[in-house]
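Enquirer: Residue numbers (full-length UniProt numbering): 1 to 654.
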């Protein structure tokens, strides 16, 4: 009963004196102090509400508001990295794009016969064996070049085969002998025209030159596809061994390909075209390439103000096994863009006029963190082999070519050469065909990593094309038009033109509306902070100061309390250990008088007073000491309150 007034006074002092967060002795008292002093009304209502039901209701409402704030803020953060698309249309004078034109037949067959004589002979023999028809005695000359003298050896090693019912035996279409099939079978069933018997499958087998047991059979349900693929495989090997200067002479010149030319209503000629040699399409010619620093433009839309050319195709000089269609391929592109005409080129017909209307669009995407695109390709670990501005196709082709050189020791013929590499051919790389097909299979299945490394370009230009075709020349104008064209080119052609040898092409802007498609950030930092403030104010009536207060109390003050209590425990443990590990003998009387002692009545939380000094108990088995000096550790104020104020007990007794 004597200690009751002391507890009352302690409790009154706790309610009266201002308590700061770091001075709270426990986390529960810190939370209580925060709820009583914070600006968020929900936390205060939890403490001051009377009744368990009302307090429980405020706890539920406050926690729900906190959950809604976290959810809405997470949504705001995710939307911060989103972008909106805006489209702007301007009417102005437009630069005319580069237009690349290639004959579908890359080289004149009459000039290539001496290089392809062995290959053509093997192809015709396979056709005669499998399909039972013959063109009579071959008039193809044999080549006298030393590099082609070994061609027949490789034709024997990689002949066309006929497989029946996917059995493990196949018939050599060249010799008629049967051979055992080793390794895997890859069936490419993408044909339209099938062979006469659905059970007869044509293909060819490729084996590892270093390990004859490692083989792969590539089959086709169409004999047309099988023969073309087999012919193209050997064709690339032959062309890889011919010097570039020779191949440029074997292909079409500008005078051969171009008959007439008009641009923007004015006459043009071969001087407006730039030649570049494409591995698969021979000599191609680019109009308005910008190599001389000048890019043509147009200020009027319509077919009369674009590019108009008449092309001489010369169908009679086509390679019958390499290409099966007649005409030309064109591609509209930017001056800094490489024309992948074999991938996205547009074919135009002969004996027809092909009108291509264009709409110009510039697109720009935001880079990281909004999208995974690259500005210039400098951050892509793939060397650009095309010396043109970066694009996804350039990256993919360059990546595959690099993998080809690393894995097979040589470069694939259809793509540019890396530094220090050379194209694959039978002589130096007898294993390149098997290696190429295996590598290409991995590339298609995205196992080389090229699709993961390469990224889209952030900015690019695009010309949307609308194509229309009409018969040309008309029946009534065919006679005089062909006569005039033959007269104009008669000295060079030395024969009368046929309309199936001609193709008319028109490329023009349908309108001069330039479209800009751009991505813009949906939210800026200012908008994000404003949205955060709106959510905090809506659900918790809280501001930035309130957020700082939460950080201070829940992180800084709570951490200081926990660390302080841990420090006190560690200190107490260390003092006890040091006391137990002392000299082991009882202290002498003189020592007690000199050093003083701790008294359990004097609690460290209160300052020593005269009354507490009088109530100090005497140490056992010791003479009566003089007034002992205080233990200075009791002078340190560690907390704001104590469980008991001892000096109030003396007041109660009086």
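No residue lacks a Cβ here, since even glycine has one placed at the ideal position from N, Cα and C. In this text the structure is predicted, and so the values were computed from the model without any measurement.
If we cut at 9 Å on Cβ distances, does residue 107 have a partner in chain D?
Expert: Among the protein chains of the structure shown there is no chain D, as only one such chain exists.
Enquirer: Rounded to whole angstroms, what's the CA-CA distance from residue 208 to residue 462? Just pull it up for me.
Expert: The straight-line gap from Cα to Cα measures roughly 44 Å.
Enquirer: Checking 9 Å against the spacing of the C-beta atoms, do residue 360 and residue 68 come in under that value?
Expert: No, they are not a contact pair.
Enquirer: Name the residue from 222, 88, 216 whose alpha carbon lies nearest to the alpha carbon of residue 130.
Expert: The residue with the shortest Cα to Cα distance from residue 130 is 222.
Enquirer: Residue 28 by DSSP, collapsed to three states: which one?
Expert: Here residue 28 sits in helix by DSSP.
Enquirer: Assign residue 447 to one of three DSSP states: helix, strand, or coil.
Expert: In this structure, residue 447 counts as coil in the three-state DSSP scheme.
Enquirer: Could you tell me which residues DSSP pairs with residue 317 in its beta bridges?
Expert: Its beta-bridge partners do not exist; DSSP assigns none.
Enquirer: Run the CB neighbour count on residue 448, radius 10 Å, all protein chains shown included, and call it buried at 16 or more, exposed below.
Expert: Burial call: buried.
Enquirer: Which value, in whole angstroms, describes the spacing of the CA atoms of residue 573 and residue 561?
Expert: When rounded, the distance between both Cα atoms is 18 Å.
Enquirer: Less than 9 Å separating the beta-carbons of residue 244 and residue 278?
Expert: Cβ distance not < 9 Å, so residue 244 and residue 278 don't count as in contact.
Enquirer: Note down, one range per segment and in chain order, each beta strand (DSSP E) of at least 3 residues found wholly within the segment 278 to 362.
Expert: Here the runs fully enclosed are 282 to 287, 307 to 312, 328 to 333, 346 to 348.
Enquirer: Please check the pair residue 348 and residue 116, which I expect to be a contact at CB under 8 Å, by giving their CB distance rounded to whole angstroms.
Expert: At roughly 26 Å, the Cβ-Cβ gap does not stay under 8 Å, so residue 348 and residue 116 are not in contact.
Enquirer: Whole angstroms are fine: how far does the CA of residue 288 sit from the CA of residue 272?
Expert: So the alpha carbons of these two residues sit roughly 6 Å apart.
Enquirer: Any idea what DSSP makes of residue 8, helix, strand or coil?
Expert: Residue 8 falls in the helix class under three-state DSSP.
Enquirer: Considering just the uninterrupted stretch of the beta strand (DSSP E) at residue 463, what are its terminal residues?
Expert: It spans 459 to 471 - the beta strand (DSSP E) in which residue 463 sits, taken as one unbroken run.
Enquirer: Below 9 Å between beta carbons: does that hold for residue 438 and residue 89?
Expert: Taking 9 Å as the Cβ cut-off, residue 438 and residue 89 do not qualify as a contacting pair.
Enquirer: Is it true that the CB of residue 385 sits closer than 9 Å to the CB of residue 362?
Expert: No; because the gap between Cβ atoms is not below 9 Å, this pair is not in contact.
Enquirer: Quick check: residue 459 and residue 549, are their CB atoms within less than 9 Å of each other?
Expert: Cβ atoms of residue 459 and residue 549: not closer than 9 Å.
Enquirer: Closer than 8 Å is the cut-off here; do at least three beta carbon pairs connect the segment 314 to 324 with the segment 231 to 244?
Expert: Short answer: they touch.
Enquirer: State the start and end residues of the unbroken alpha helix (DSSP H) segment that holds residue 66.
Expert: First-last of the alpha helix (DSSP H) with residue 66: 52 to 80.
Enquirer: Which of the three DSSP states is assigned to residue 43 in this structure?
Expert: Reduced to three states, the DSSP call for residue 43 is helix.
Enquirer: Return the residue from the list 413, 171, 35 that minimises the CA-CA distance to residue 281.
Expert: For the residues 413, 171, 35, the minimum Cα distance to residue 281 belongs to 413.
Enquirer: Spatial neighbours of residue 228 within its chain, please: CB distance less than 6 Å, with the 5 preceding and 5 following residues excluded, ordered by chain position.
Expert: Correct list: empty, nothing qualifies.
Enquirer: Under the DSSP definition of a beta bridge, which residues are partnered with residue 411?
Expert: Residue 411 is bridged to 423.
Enquirer: Pop quiz: residue 108 and residue 406 are said to be a contact at Cβ under 8 Å. What is the actual Cβ separation, rounded to whole angstroms?
Expert: 36 Å between Cβ atoms; not a contact.
Enquirer: For a quick check, are the C-beta atoms of residue 76 and residue 523 less than 9 Å apart?
Expert: Yes, the Cβ-Cβ distance between residue 76 and residue 523 is below 9 Å.
Enquirer: Would the beta-carbon of residue 395 fall within 9 Å of that of residue 455?
Expert: It is a contact, given that the beta carbons lie within the stated cut-off.
Enquirer: According to the neighbour-count rule (16 or more other Cβ atoms, all chains shown, within 10 Å of its Cβ), is residue 99 buried or exposed?
Expert: Counting Cβ neighbours within 10 Å, residue 99 comes out buried, since at least 16 surround it.
Enquirer: Would residue 487 be called buried (16 or more neighbouring beta carbons within 10 Å of its own) or exposed?
Expert: Exposed.
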